[in-house]
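Protein sequence lines, in the order shown, are assigned to chains S and Z.
Quick note, in my numbering, the first sequence goes up one by one and the last residue is 420.
Quick note, in my numbering, the second sequence goes up one by one and the last residue is 295.
Every residue gets a Cβ at the ideal spot worked out from N, C-alpha and C, and that includes glycine.
Predicted model, so just to flag it, every value in this text is computed and none were measured.
Structure, as structure tokens:
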Amino acid sequence: MDDTKRYERLRERFQNGDISRRSFFGLLGAAGAAYGLQMPFARQAFAAGDVSQVRFDGWGGVVSEAFRKFAFDPYTEKTGIKVIDGTFPGGDEYLALVRASQPGEYNIAHLSGVFDYARYHSFDLNSELNLANIPNMANVMPALMNAFKSITPDSLSAAPYNYGTTGLAYNRKHISDEEMKEKGAKILIDEKYKGKIGGWGDWRTRMWYAALQTGQDPNDIKDTDAAWDAVRKHRDVALKYWASGAELMSLLAEEEIYVTEGWSGRIYALQEQGHDIGYYDPPQSFGWQECLFVIKGSPMAACEELINFMLDKDTSIAVAEGQSYPPALDPTKVDLGEKIPKLPAFDPTGTLSGLTFANPAYWNGNEADWSKEFGRVQRGY
Amino acid sequence: MSIEQREARQPWILLTPALTAVTLLLIVPLMFIVVYSFWLKSAAGADTPGFFLDNWQEALTDSFYRDILLNTLKIAAITTLACALLGYPAAYFISRSKGNKLILLVLLMLPFWISYIIRTMSWINILGVSGALNSAMIWLGIINEPIQMLYNQTTVILGLVHFLLPFMVLNIFVSLDGIDTNLEDAASSLGATRWQGFLQVTLPLSLPGLAAGGLLCFVLAAGTYITPVILGGPRDAMFANLVYEAIIRQLDWPLGSALSLLLLIVLGVLVLIYNRYLGMAQLAKGLG
């Protein structure tokens, strides 16, 4: 018997005088309360059934615009399933939100780095994708898939989607290409540009570049004291730690800063807007891969369908061109057109052997101590 | 039920929705935060429930937190002082203006129609290297190169004053508006100059409003988070930023809970001191 029928029978009993007015409204109230209470759990039950919308969270700005225009709108048109797209300024902030949410509230996230994949796994927030529902995954570079499989060998919770680097962005009016190549990562601690240097207020990026500035392997920093001194030196010469891609672009475009490390796609977007901003990946520049991570409790069939749609060659290329980040599609299998091979960090071999990625075990192992220490260092300690 | 009993129950019936909302939306979440502050963060995965004093010990003994807390209180105090100095003349002018008082009050409320974040970010377009002020000074030939004015403690205070000034003006205005202007005339008739009349009659009578505005500005400034993020440099953090970092960046919810409670306790003590000497009635009047 459905709820409407139950209500009609109850109303009939009330109208016939079989139950009092007080009992009638009491039962209605109880039904409402019971419905309200079962909703959080119903969300999980609905996950397996009919789905009218899927939530997707990404980095905002040009990245989200490209998703909306080239992936979500066509997907909604094709399937009728609405994609609600939210944004976050950083992976840490988003993880905090997801931890505090009900299962199923957040569905797919555009996560950065294999270390994020490992973190979600450690917080038991990972799902299990049915790869049979994502045939377009066959076109993804094995190098990107293997990074995730090293953490969850028996299953995958995410589909690799794009990759890029956090290299050095500089204003060519004030810093020449030659000077940039000569100084490399050390330009971020150069007194000559004091007050005109920026940096992401992210402990991983700060420590990664501190490792490069002190001549160490970012995935095996032996002299952490020297690295922290480099972080302090950068803090003292920096004008500001930027907090989002939009702020990074604004600081460079407005010439508040002349040099910073920056996300390859965002810098390319600035160049396309006509700003004379150079981009240089120093040796062992911070490489990362981004994925479409499906969070536990999500409607799996709808999420898998959306991911498959997003990995479709035409969609993937259109999104990549819009975001200015190379897609995860294997360039040896798929013709990526003319623009993508010109994007920063693009690897025509499909092996990504030229990029240095963060070792998830190493960086997640140091997260508790280093994130806390950075909080102090950036305040002058 | 007698009429007396019914009348005694009536206030509680009317208060029930508000008390329920306060309990569910404030007291219960606060209790969660209290409980969380005694848990421990694990290296990865879920936190460790229990009764551990580690977070409180760290929050109370670590000089890092003490220094940032003192700096936060200092910034809040400077902001409050600046708001008082700028707000009093404005409130006096509005309260003594004839006819256009309503228009001036509406103008005072206008900034609230724009998002606080947008209002804060507007300073970037004013004080930035290619902002209005630098462009104007270069155009006038006062400077050759743009001056770096943004991203320091001064701009943080400027942003806070911009945000909080209307609160101060409104509170002082309420106080000044309630003062009988005949008292100033009486002081003049007794030989006092206008300045003496202001100092010895108007100012003392308006002090409750000034104090209420001061308390509001101080508490709001001490708990601010977004202004130092947008207008501050690398070192310009306030205590709320540490709470944010502990909870969001470091995923250390137990320590973040202890830090947020510490800030709440410090500000709560200040409110209690205010209440002891001035009473909360004036604050309610100012807010109303």
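Next on the checklist: Let me check one thing: in DSSP terms, what residues is E300 of chain S bridge-paired to?
Outcome noted: S:L207
Next on the checklist: I want to know whether the segment 169-181 of chain S touches the segment 263-278 of chain S - three or more CB-CB distances under 8 Å.
Outcome noted: no
Next on the checklist: Based on DSSP bridge pairs, tell me the residues matched to Q328 of chain S.
Outcome noted: S:Y202
Checklist entry - Is the distance from the Cβ of G135 of chain Z to the Cβ of L157 of chain Z below 8 Å? => result yes
Next on the checklist: Taking the alpha carbon of R163 of chain S as the reference point, which residue from S:D96, S:S91, S:E295 and S:R138 has its own alpha carbon closest?
Outcome noted: One detail in the question is off: residue 163 of chain S reads as Asp in this sequence, not Arg. Residue S:R138 is the option with its Cα nearest to D163 of chain S.
Checklist entry - In the DSSP assignment, what are the bridge partners of V93 of chain S? => result S:V122
Checklist entry - In angstroms, rounded to a whole number, what distance separates the CA positions of S283 of chain S and W242 of chain S? => result 14 Å
Item to check | Beta-carbon gap between S303 of chain S and Y318 of chain S smaller than 8 Å | outcome: If you check the CB distance, S303 of chain S and Y318 of chain S come in under 8 Å.
Item to check | Top-ranked residue by Cα proximity to G97 of chain S, from S:T126, S:T115, S:P113 and S:S91 | outcome: S:T126
Checklist entry - Starting from L150 of chain S and walking both ways along the beta strand (DSSP E), at which residues does that stretch end? => result I147 to S151
Checklist entry - Of all the CB atoms in chain Z, is at least one closer than 8 Å to the CB of S151 of chain S? => result no
Checklist entry - Got a sec? Which residues, its chain only, sit under 7 Å from K398 of chain S by beta carbon, not counting five neighbours each side? => result Note on identity: in this sequence residue 398 of chain S is Asn, with Lys being the wrong assignment. Taken in chain order, the residues that qualify are N258.
Item to check | Residue of S:A157, S:E294 and S:E116 minimising C-alpha distance to I152 of chain Z | outcome: Reading off the sequence, residue 152 of chain Z comes out as Glu, not Ile. E152 of chain Z has its Cα closest to that of S:E294, out of S:A157, S:E294 and S:E116.
Item to check | D387 of chain S in three-state terms, based on DSSP | outcome: For clarity, residue 387 of chain S is Pro in the given sequence; the question names Asp instead. Coil.
Checklist entry - In or out: T162 of chain Z buried (at least 16 other Cβ within 10 Å) or exposed? => result buried
Item to check | Closer than 7 Å at the beta carbon, the chain S residues around Y158 of chain Z | outcome: Those are L278 and K279, listed as they occur along chain S.
Checklist entry - Skipping 5 residues on each side, what residues in its chain have a beta carbon closer than 7 Å to that of I10 of chain Z? => result none
Item to check | Cross-strand partners of P366 of chain S (DSSP beta bridge) | outcome: S:N201
Next on the checklist: At the 8 Å Cβ level, is Y420 of chain S part of the contact set with chain Z, yes or no?
Outcome noted: Yes, Y420 of chain S counts as interfacial toward chain Z.
Checklist entry - What do you reckon, are the CB atoms on Y364 of chain S and Y209 of chain S nearer than 8 Å? => result Result no, Cβ atoms of Y364 of chain S and Y209 of chain S do not sit closer than 8 Å.
Checklist entry - Are the beta-carbon atoms belonging to F170 of chain Z and R126 of chain Z less than 8 Å from one another? => result yes
Item to check | Close beta carbons around G239 of chain Z, own chain, < 6 Å, minus the five adjacent residues each side | outcome: Only V163 meet the Cβ criterion.
Item to check | Cβ neighbours of W409 of chain S in the same chain (closer than 7 Å, five flanking residues each side left out) | outcome: W242 and M246
Item to check | Inter-residue Cα distance where the pair is Q12 of chain Z and A97 of chain Z | outcome: 50 Å
Next on the checklist: Using 8 Å for Cβ pairs, my map puts I296 of chain S next to G237 of chain S. What's the rounded Cβ distance?
Outcome noted: Yes, I296 of chain S and G237 of chain S are in contact; Cβ-Cβ is about 4 Å, under 8 Å.
Next on the checklist: T354 of chain S and F111 of chain S - do their beta-carbons sit closer together than 8 Å?
Outcome noted: No; because the gap between Cβ atoms is not below 8 Å, this pair is not in contact.
Checklist entry - So which residues of chain Z does A132 of chain S contact, with C-beta pairs closer than 8 Å? => result Reading off the sequence shown, one finds Glu at residue 132 of chain S, where the question assumed Ala. By Cβ distance, chain Z contributes I255 and R256.
Checklist entry - Hey, would you say A219 of chain Z sits closer than 8 Å to N178 of chain Z, going by beta carbons? => result yes
Next on the checklist: Please identify, using Cβ separations under 7 Å, the residues of the segment 303-326 of chain S that lie next to chain Z, in order along the chain.
Outcome noted: Correct list: empty, as no residue qualifies.
Checklist entry - Among all the DSSP beta bridges, which residues are the ones paired with F41 of chain Z? => result Phe is not the amino acid found at residue 41 of chain Z; the sequence shown has Val there. Answer by DSSP bridge pairing: none, since V41 of chain Z is not bridged.
Next on the checklist: I'd like to check one pair, Y281 of chain Z with V217 of chain Z: are the Cβ atoms closer than 8 Å?
Outcome noted: The sequence given here has Leu at residue 217 of chain Z, not Val. No, Cβ-Cβ distance for L217 of chain Z and Y281 of chain Z is not below 8 Å.
Checklist entry - If you measure beta-carbon to beta-carbon, which residues of the segment 71-92 of chain Z are closer than 7 Å to chain S? => result Those residues of the segment 71-92 of chain Z that come within reach of chain S (Cβ to Cβ, closer than 7 Å) are F71 and I75.
Next on the checklist: When you compare the CB of G206 of chain S with every CB in chain Z, is at least one pair closer than 8 Å?
Outcome noted: no
Checklist entry - Can you give the beta carbon distance from K121 of chain S to S91 of chain S, rounded, assuming they're within the 8 Å contact cut? => result 6 Å
Checklist entry - Which class does V333 of chain S belong to by DSSP, given the choice of helix, strand or coil? => result strand
Next on the checklist: Rounded to whole angstroms, what is the Cα-Cα separation between A224 of chain S and Y248 of chain S?
Outcome noted: 7 Å
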